[in-house]
Every structure is written in structure tokens, then in C-alpha cells.
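Engineer: Pasting a structure here, questions to come.
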Amino acid sequence: MRSSVLLVAVVIVTASLLPLFAPDGAAQVPIPSLSITVLGATVNGAPVFVPPTILIPQVPIRITLTFINNESAGSGIPHTFTIRDAEGNIALNTDPSAAVFVQPQERRVLNFTVNSMTNVTFGNLSFQPETVANGSIRYFCIPHELAGMVGWIVLASAAAPTAPLEKGINIRAYWIGIIGLFATAFWIVISYFVIKSSTPRFKDQKEHIRRGLP
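Here the working numbering is used: the first residue of the sequence shown is 6, the next is one more, and so on.
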């Protein structure tokens, strides 16, 4: 009987301690995704991207970008969506060859991950985008870069200043620890009285005391 009670007590105490060692759910959150369509077009006689700015809510983030050359079919005006690396090489482009452009009414789908504003993964390649003054990631159209057809991938937090984060402890972990400690103490007390009430030696001692015996 004593062994069974002890086993139950150990199981109860162990169960109460499990929340202390549970992994934080935030660490298992998958990388978010963003789908966006960007047009290459001519507006007021000038080649432009629409929209000219891609605002991303956070990093890292996976982006599925559909690029459409929105020029009329008979215009013959080509476009690209292109990003250079820090060495000036073309690292991300709508076609594997920089000499191939997207023709009017054609589209391309690009999948890439912005790990940070200084690191992008495209296919099997991770690279540092070319450095720009505003800390964003610059993209451009190869045949119209000199005509001003450029755009920017901008981190939302960089676009609008926010209050500095205050340092502190992890609130979730703090309360799990407090609850775990109280639960452990509670079950230890319960286990003690269960063991005491079910053990003959304690019952005999109680009877001796009642009779005034040593």
C-alpha cells in the first residue's frame, strides 16, 4: 500500500512540474508568407513599378511575387524585376538569364525569403542585397533602370519609428514558474498527509500519543 501511495505522489509531483519544461510555443511559429503582385507599366510616359514600394510587416518572411508586364501587347516594351547583391551582380531576376526580359502581357512568379534587410534567399542562393541609404532592398528593371524604374522593399517598422522595447523577463515563463512552484508545494503537502494516513506506523504512533504512551 505504501509503495502505491508513493508512486501516486511521485506521478502527481512530476505532472505538476511538466509546464516548467514545456517549450515556448512562439519558438515553433512558422515563417509567415506574403503574396503580392507587381506590375511593370508606363505611367505618364515613364516606366514604373506598380506599386513602387513593397511594405513587409516583419522579417523573416517568405514572399511570393507575381510580376506582370502590363504594357499593351503591341507596345513591345519589356520589363524585369531584378535585385543586385552587394557586389553588383544580379542575384534575383525574373528569368535565369539577365538578357531575357518579360514581354508585354507575360508574367513571372518569384519565390524568395527576406531573412533580414541584409540577407535574402532565392532558390539555393543566399545573398546580401546592394547597400542603399534608407536600409531597404532595392529592385529595378534592367532595360529601364536609368529611366528611373526602381522600387523598394521596406520593413514596416523602419517606415514608421516605434517606441524602444523595454527589457524584461518573459511573462509567460514567469507565471508558469510561479504556478509550477505552488502546484509542487501543494501536491507535496497532499502526498504527505496521504502517506501519513495510510501508514500503520503513523496510526500506531497516534494511538500511543492518545493513550499518553511514549
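From the three backbone atoms N, C-alpha and C, an ideal C-beta is built for every residue, glycine too.
Rounded to whole angstroms, what is the Cα-Cα separation between N120 and E135?
Structural biologist: Taking the sequence shown and counting its residues from 1, one reaches residue 120 at position 115. Taking the sequence shown and counting its residues from 1, one reaches residue 135 at position 130. Between N120 and E135, the C-alpha separation is close to 15 Å.
Engineer: By Cβ distance, which residues of its chain are closer than 7 Å to L151, with the 5 residues on each side in sequence left out?
Structural biologist: Residue mapping note: residue 151 aligns to position 146 of the sequence shown, counting from 1. The answer is none, since no qualifying residue turns up.
Engineer: Kindly indicate the opening and closing residues of the beta strand (DSSP E) around N139.
Structural biologist: Within the sequence shown, the letter at position 134 stands for residue 139. Premise fails: N139 is in no beta strand (DSSP E) and is neither H nor E.
Engineer: Take Q110 as the anchor and find which of I184, L70 and S77 has the nearest alpha-carbon.
Structural biologist: On the sequence shown, position 105 is the one that residue 110 refers to. The option with the nearest alpha carbon to Q110 is S77.
Engineer: Beta carbon of I36, beta carbon of P62: below 8 Å?
Structural biologist: Position 31 of the sequence shown, counted from the first residue, corresponds to residue 36. Position 57 of the sequence shown, counted from the first residue, corresponds to residue 62. No; because the gap between Cβ atoms is not below 8 Å, this pair is not in contact.
Engineer: Under a Cβ-count criterion, where at least 16 other Cβ atoms within 10 Å of its own Cβ denotes burial, should T167 be classed as buried or exposed?
Structural biologist: Here residue 167 is taken as the residue at index 162 of the sequence shown, counted from 1. Because the pLDDT of T167 is 45, which lies under 50, any placement of that residue in the model is unreliable, and the question is left without a value.
Engineer: Where L44 and A188 are concerned, what is the direct C-alpha to C-alpha distance, given to the nearest angstrom?
Structural biologist: As a position in the sequence shown, residue 44 is number 39, starting the count at 1. As a position in the sequence shown, residue 188 is number 183, starting the count at 1. Each residue's Cα considered, the two are about 59 Å apart.
Engineer: Can you look up L151 in the DSSP assignment and give me helix, strand or coil?
Structural biologist: Along the sequence shown, one-based indexing puts residue 151 at 146. Note: L151 maps to coil in three-state DSSP.
Engineer: Suppose you measure from the CA of T87 to the CA of F72; what does that come to, to the nearest Å?
Structural biologist: For the purposes of this step, residue 87 is identified with residue 82 of the sequence shown, where counting begins at 1. For the purposes of this step, residue 72 is identified with residue 67 of the sequence shown, where counting begins at 1. C-alpha separation (whole angstroms): 11 Å.
Engineer: Rounding to the nearest angstrom, what Cα-Cα distance links E171 and Q133 in this structure?
Structural biologist: As a first step, residue 171 is located in the sequence shown; it is residue number 166 there, counting from the start. As a first step, residue 133 is located in the sequence shown; it is residue number 128 there, counting from the start. Residue placement at E171 is poorly supported in this model, since its pLDDT is 47, which falls under 50; the coordinates are not used for a value here.
Engineer: Buried or exposed, going by whether 16 or more other CB atoms sit within 10 Å of the CB of G81?
Structural biologist: In the sequence shown, the residue the question calls residue 81 occupies position 76. It is exposed - the Cβ of G81 has fewer than 16 other Cβ atoms within 10 Å.
Engineer: Quick one: what's L1 bridged to in DSSP?
Structural biologist: Past the edges of the chain, shown from 6 to 219, lies residue 1, and the structure says nothing about it.
Engineer: Who are S131's beta bridge partners in DSSP?
Structural biologist: Locating residue 131 in the sequence shown gives position 126, counting from the first residue. According to DSSP, S131 bridges with T126.
Engineer: When the distance is taken between beta carbons, is T123 closer than 8 Å to R113?
Structural biologist: As a first step, residue 113 must be located in the sequence shown, where it is residue number 108. As a first step, residue 123 must be located in the sequence shown, where it is residue number 118. No, the pair does not count as a contact, with Cβ atoms beyond the cut-off.
Engineer: In three-state DSSP terms, what is G182?
Structural biologist: Within the sequence shown, the letter at position 177 stands for residue 182. Helix.
Engineer: Going by DSSP, which residues form a beta bridge with Y46?
Structural biologist: The residue given as residue 46 occupies position 41 in the sequence shown. Reading off the sequence shown, one finds Ala at residue 46, where the question assumed Tyr. According to DSSP, which records beta bridges pairwise, A46 is partnered with V53.
Engineer: Return the chain-ordered list of same chain residues with a C-beta closer than 6 Å to the C-beta of S102, the five sequence neighbours on each side being excluded.
Structural biologist: Here residue 102 refers to the residue found at position 97 of the sequence shown. Excluding residues within five positions, none has a Cβ falling inside 6 Å.
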